[in-house]
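Structure record follows, encoded as structure tokens.
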Amino acid sequence: MRDVSGLRRDRDGLTAVIEFLSAFTLFLMILTAFLALAQMQMGSNDPYLDRLDRSAVLGLDRLVADEGWFVPIVDGEADVENGTSDWHLQSAEALHEGRVRAGLVVDGKLDEVRLAGLSKVTEQGFAAGLGLDASFDVHLRIDVLDANGSSQETVFDGGTTRIGAETSSRATRLVVGDGALYRVALEVHDGGRASSILQVSEIQPHPDNGGPEWFEMHNPEGFAVRLLGWSFHVIDTRDTTSHLMLDGLITGGGVALFTGDATSQDTGNATQVFDLGVVGLLGVGQIDVLPNDKGEFKVDYTDPTTSLPATRQAILWGGSTGHLLLSGDALTWNGTDLRDMGDWTVTDSPTPGSWTPVIAA
């Protein structure tokens, strides 16, 4: 009887152990599944990614929270008493020199006038105003949506694309406008800010009646672009005349006019006008700097962080180029390949400050 009882106890004990191990294994499986689900919901919990996510969300919140604010800088100090919510009415130069937090919403609706004012803000000033880390880059896109929620028209597109970025975060918000619905998307990334693209689109070396020499420069980007680091070089058979820009900017989508005499220049629809006659790069009257018969106009950009110049554009006329200019003629770009002189044509009807591409770029 003892042997039978002992065997029964051993069997009962083994059964209990097996049941315990089975229950414990099931518990571990449930715990593992729960942790995996939590990981999917909460993300990687990487502090760097969290910073990007937080920057995108908070930056967008500030952009669409209210009408924004501008504080001028006077003698190096913030003039808080003269701060105003009418930041969009300030000049591009004033916005660059002061402190601006762009805001697009007035009385709960997206304000189209403030939307247009974004073209006067540089990307750096825009990001700083939203409180973003200086090491992050931004890209802002605003679309008008149709009745089906699809993009009908892009009304703003500016900033640095995330090509080359290791990590990025994107926040999106739908905002009601005056009879329209807008989708505002702010992307924050670490791709590194690419140098801006500026395009000389028309040049007149030999104006009629002793008028000033001039050229115009187009900014295809949404945000304003500073001219710091851009340089211009007039090259003829004798020598080279150069000038490095240290200040100034061109508004987003704008056309800046550079002239030998701002007082007598027809400026058309130019958003900015720069007098380069005072520095000897462009002439007026009997002073010729741009050669009439054969010459080259070169555009370089020097990255302030590297001090390495790079040629962005070279425009040639006369000689064997096929572009022979008479008095009053100008060279104009058709909007395709900037570096191909085959995409430039001679025109006897110059339009200073009013360039429109013949072929959309």
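Terminal number for the sequence shown in our numbering: 390, no gaps in between. All C-beta atoms, glycine included, are put in the ideal place defined by N, C-alpha and C. The structure presented is a predicted model; accordingly, all values stated were derived computationally and were not measured.
Check, Outcome
"Which of helix, strand or coil DSSP assigns to Arg-52", "It is Ala, not Arg, that sits at residue 52 in the sequence shown. It is helical."
"Residue from Glu-48, Thr-376 and Gly-220 with nearest C-alpha to Pro-236", "Thr-376"
"6 angstroms CB neighbourhood of Pro-4 in its chain, flanking five on each side removed", "For the chain, the structure presents residues 30 to 390; residue 4 sits outside this window and is missing."
"Contact under 8 angstroms by Cβ, Leu-147 with Phe-185", "yes"
"Residues near Leu-118 in its chain [Cβ-Cβ closer than 6 angstroms; skip 5 each side]", "none"
"Trp-362 versus Glu-231, Gly-208, Arg-130 and Thr-54, residue with shortest Cα-Cα distance", "Glu-231"
"Ile-102 burial status per 10 Å Cβ neighbour count (16 or more: buried)", "exposed"
"Environment of Ser-293 [buried if 16+ CB atoms lie within 10 Å]", "exposed"
"Between the CA atoms of Arg-128 and Leu-360 - distance to the nearest angstrom", "39 angstroms"
"Stretch pair the stretch 205-222 + the stretch 247-255: three plus CB contacts closer than 8 angstroms", "no"
"Test item: CB-CB of Gly-282 and Gly-382 under 8 angstroms", "no"
"Environment of Gly-208 [buried if 16+ CB atoms lie within 10 Å]", "exposed"
"Contact between the stretch 265-282 and the stretch 340-353 (3+ Cβ pairs under 8 angstroms)", "no"
"Bridge-paired residues (DSSP) for His-262", "Ser-271 and Lys-327"
"Exposure label - His-247; buried when at least 16 CB within 10 Å", "buried"
"Test item: CB-CB of Phe-287 and Leu-319 under 8 angstroms", "no"
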